[in-house]
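Asker:
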Amino acid sequence: MSESSEALKAAKIQRRSAKAALTRLGKALNHLCENERPAEEVGNYLIKVEQAFDNVVSKHELYAILIDQDEQFEQEEQWLDECQTFFLKLDIDAKCYIENVSAKISKSSLDENPQNSLGMIGMQNTPSASNTSPEISEPSISNENNVIDISTPQENPSINDEVSIKSVNSPREFLQNNLEQNARQSASQPEVSNEAGPAYNSTPCGFRMEKPKLPKFCGDVREYAIFCADFKHAIESRYSKRDAITLLRICLKEKPLGLIKGIGSDYDAAWEYLDSIYGDPRFVSDTITQDIAKFKPLEEGEDVRFCDLVHLVRRSYNTLKEVGVPSDMDNSHMLSIIEQKMCPDDRKVWSRDLERERKPATLNALMTWMTSEMKSRMRATAPVRSGLTNRRKINHLHGEIEGGNKSRNRCWLCNNSSHWPDQCQKLAAMSVEERLVVAKENHVCFSCLKKAGRDHRQANCSRRKQCNKVENGSQCTFSHHPLLHKSSAVGATLASVTSQKDSMLPVIAANICGPNELYKRGNVLLDSGAKISLIRSETADNLGLKGREHLSEHNQSRWRRGINSYENLQSTSKRNRRPKETFCESNWYSMY
């Protein structure tokens, strides 16, 4: 075994041992949480788990350096991703457990110390070694005037010193002390009174806010600048670079995630690589310019699409401003493109506004005018002010419903609710063409055969799935209902291939015998689909064959009818050289 192989094997054994230690500590941490052990004990084990995971990462990096093959390296990186997922689950579960225990402790302290009098309030707000830290000073209370005086000096420094020592020695001071202090400050508010009015009691709020989610990035260059700013603001100030690269992999999806798999744990290199692909301002500018150029020009009365154009222009300008190239859109060329997307009436109003204000046409002025125009149209076309609701009756069916039953029937073909359209026997008895015609006439969804509408069509149908019909060993690729599946017509076509050397019909050589025992060697063409037998007039004369001749212009040679022999058949496409042909009727003669 070579030296490199031995080093690779030794590194793998060390990594395996580190992974085994992480697994043991993780199981112990889960056991502590399941048995509801104190938060301090759980926090100590959480620190050990974090140290074990860091050891696994370091051993993995030493092992990955010795790998030469790319496929093996990708497999090992996938192994590290699984270990990382296992560690993050342990970390999140343990921290949630510590937070829940801290919340229960603060709630129980409130229940045990009811705020019935100012004296008891003073006892409750006295600093203790279990729920205070030297960074936060509790309010001092004056019992003589029944007024709470919030002051920074401490009345009992010995207690504060003891609290300081205990909080410093705590292994999870951020997860326990700080969270308890925040929960106590937000949940327990003292009863406050002043000289001007009676005291009031602020009860704790029972709402629990949802934790903010990490930003996600799937590869859209328009969203990269915002994602980069949000991620760095939320992560870099609170986590180390080793933890930040782990969270970055969680936030990336699809292609961006695959791009940084081979980088390892280098946080700066990952951002540098992502910036080179998605952060180039030229790529962002080209994409945004194409979005505006591909926007379909507006027509008269399209107020909704006018609002979409305003949103697109504003969003595009803000994105280019974020990447530092607002001039790529703030120019006369892009201004003319945006003006071309507006309808003629909008351009007239925009021009009149410029003439009235006596100001030049700029992008900022255009966006200001478009925003004002959008607000006016949204207000003017609101349903409460629009009179088109009662006048427009396009695509609406009006009728009286008997018995006050306004529910729609399940089957639109039978007009009853005993079955659904896909269970209708009447529909099943029709041919596929008839079903398609009936479905189009009734405006139904081709995926579920139910009535379609503005919010229900084949594209967004919840029951949309691939057709299960199989033809020629392959499943249908469309998403229509099996009852609407139209089998592909199998047509039989006759392939006709001609050759310059071979004949398409069988030709044999035979001796032709006449009545005077005259013989002649000739070629015979056997056509199973022919209704008559023909022989050339020249051959018939040489053999003394007689028959009635008929003139025709369909072939080049002269023919006689009634003889089962054929010699030297040749055809030509020169119609201007075709002579009159002769057919002769006679008896059958033998061939051998």
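Residue numbering for the sequence shown follows our numbering, starting at 750 and increasing by one per position. Here a beta-carbon is modelled for each residue, glycine too, at the ideal position from N, C-alpha and C.
1. Closest to Asn1221 by CA distance: which of Ser1236, Ser1085 and Glu848 is it?
2. When DSSP labels each residue in this structure, what does Glu755 get in the three-state scheme?
3. Could you tell me whether the Cβ atoms of Arg773 and His809 are closer together than 7 Å?
4. For Asn1139, I'd like the list of residues in its chain whose CB is within less than 7 Å of its CB, leaving aside the five on either flank, ordered along the chain.
5. Run through the DSSP bridge pairs and tell me what Phe966 is partnered with.
6. For Tyr812 versus Ala767, is the C-beta spacing smaller than 7 Å?
7. Would you call the segment 956-972 and the segment 784-799 touching, i.e. three or more CB-CB distances under 8 Å?
8. Taking 7 Å as the threshold (C-beta atoms), are Leu1061 and Cys1092 in contact?
9. What do you reckon, are the CB atoms on Leu1043 and Tyr1016 nearer than 7 Å?
10. Using 8 Å as the Cβ pair cut-off and three pairs as the minimum, do the segment 1017-1029 and the segment 968-977 touch?
11. Please report the straight-line C-alpha distance between Arg971 and Lys844, rounded to a whole angstrom.
12. To test your reading of the DSSP string, which unbroken alpha helix (DSSP H) runs of 4 or more residues are found completely within the segment 1090-1127?
13. Whole alpha helix (DSSP H) runs in the segment 998-1061 with 4 or more residues, listed along the chain?
14. Which one of Gln1089, Glu1183 and Asp1040 has the shortest CA to CA distance from Arg1064?
15. Here's a check: name, in chain order, each residue in its chain whose Cβ is nearer than 6 Å to the Cβ of Cys1160, leaving out the five neighbours to either side.
16. Please classify Lys1090: is it buried, with 16 or more other beta-carbons within 10 angstroms of its beta-carbon, or exposed?
17. So Ser1343 and His1230 are supposed to be a Cβ contact under 8 Å. How far apart are they, rounded?
18. Ser1014 and Val806 look like a contact to me (Cβ under 8 Å); what is the Cβ gap, rounded to whole Å?
19. Would you kindly report the start and end of the unbroken beta strand (DSSP E) that includes Ala1259?
20. When the Cα atoms are used, what is the spatial distance from Asp1029 to Val850?
21. Give me the residue from Leu1292, Ile1009 and Cys1000 with the minimum Cα distance to Arg1270.
22. Restricting to Cα atoms, I'd like to know which of Cys1210, Pro1264, Thr1288 and Glu1266 is closest to Val1273.
23. Just how far apart, CA to CA, sit Lys915 and Leu778?
24. Looking only at its own chain, which residues have a Cβ that is under 8 Å from the Cβ of Leu732, when we skip the five neighbours before and after it?
25. If distances are taken between C-alpha atoms only, which option among Leu1006, Cys1163, Val1033 and Ile999 comes closest to Lys1070?
26. Am I right that Cys1056 and Met1116 are in contact with their C-beta atoms under 8 Å? What's the rounded C-beta distance?
27. Could you check where the beta strand (DSSP E) with Asn1291 kicks off and where it finishes?
28. Out of Leu1198, Val1219 and Lys1218, state which residue places its alpha-carbon closest to the alpha-carbon of Cys1210.
29. Just to confirm my understanding: we take Ile999, look at its own chain, exclude 5 residues before and 5 after, and list those with CB closer than 7 Å. What are they?
30. Would you give the residue range spanned by the beta strand (DSSP E) that Asn1272 belongs to?
31. In this structure, does DSSP put Cys704 in helix, strand or coil?
32. Taking DSSP as the reference, what is the three-state secondary structure of Gln818?
33. According to DSSP, Ser1223 sits in a beta bridge with which residue or residues?
34. Tell me which residue opens and which closes the alpha helix (DSSP H) that Lys1189 is part of.
35. At which residues does the alpha helix (DSSP H) containing Lys960 begin and terminate?
Answerer: So, to answer that:
1. Ser1236
2. helix
3. no
4. Per-residue confidence for Asn1139 stands at a pLDDT of 49, beneath the threshold of 50, marking its modelled position as unreliable; the derived number appears in the next sentence. There are no such residues.
5. Leu1001
6. no
7. no
8. no
9. Going by the sequence as given, residue 1043 is Lys instead of Leu. The answer is no: Cβ separation not under 7 Å.
10. yes
11. 35 Å
12. 1093-1106
13. 1003-1008, 1016-1027 and 1030-1042
14. Asp1040
15. His1168, Pro1170 and Cys1173
16. buried
17. The requested residue 1343 is not part of the displayed model; the chain covers only 750 to 1341.
18. 7 Å
19. Val1256 to Cys1262
20. 47 Å
21. Closest by alpha carbon: Leu1292.
22. Thr1288
23. Below a pLDDT of 50, predicted positions are generally treated as unreliable, and Lys915, at 39, falls in that range; the measurement from the model is reported next regardless. Their backbone Cα atoms lie some 24 Å apart in a straight line.
24. Coverage of the chain is limited to positions 750 through 1341, which leaves residue 732 absent and any answer about it impossible.
25. Considering only Leu1006, Cys1163, Val1033 and Ile999, the residue with the shortest C-alpha distance to Lys1070 is Val1033.
26. Actually they are not in contact, since the Cβ atoms of Cys1056 and Met1116 sit about 13 Å apart, beyond 8 Å.
27. Unbroken run through Asn1291 is the alpha helix (DSSP H), Ser1286 to Leu1292; no beta strand (DSSP E).
28. Leu1198
29. Leu963
30. Tyr1268 to Leu1274
31. The chain is shown from 750 up to 1341; residue 704 falls before or after that span and cannot be answered.
32. Here Gln818 sits in coil by DSSP.
33. Beta-bridge pairing links Ser1223 to Glu1220.
34. Val1181 to Glu1190
35. Per DSSP, Lys960 lies in no alpha helix (DSSP H) segment and is marked neither H nor E.
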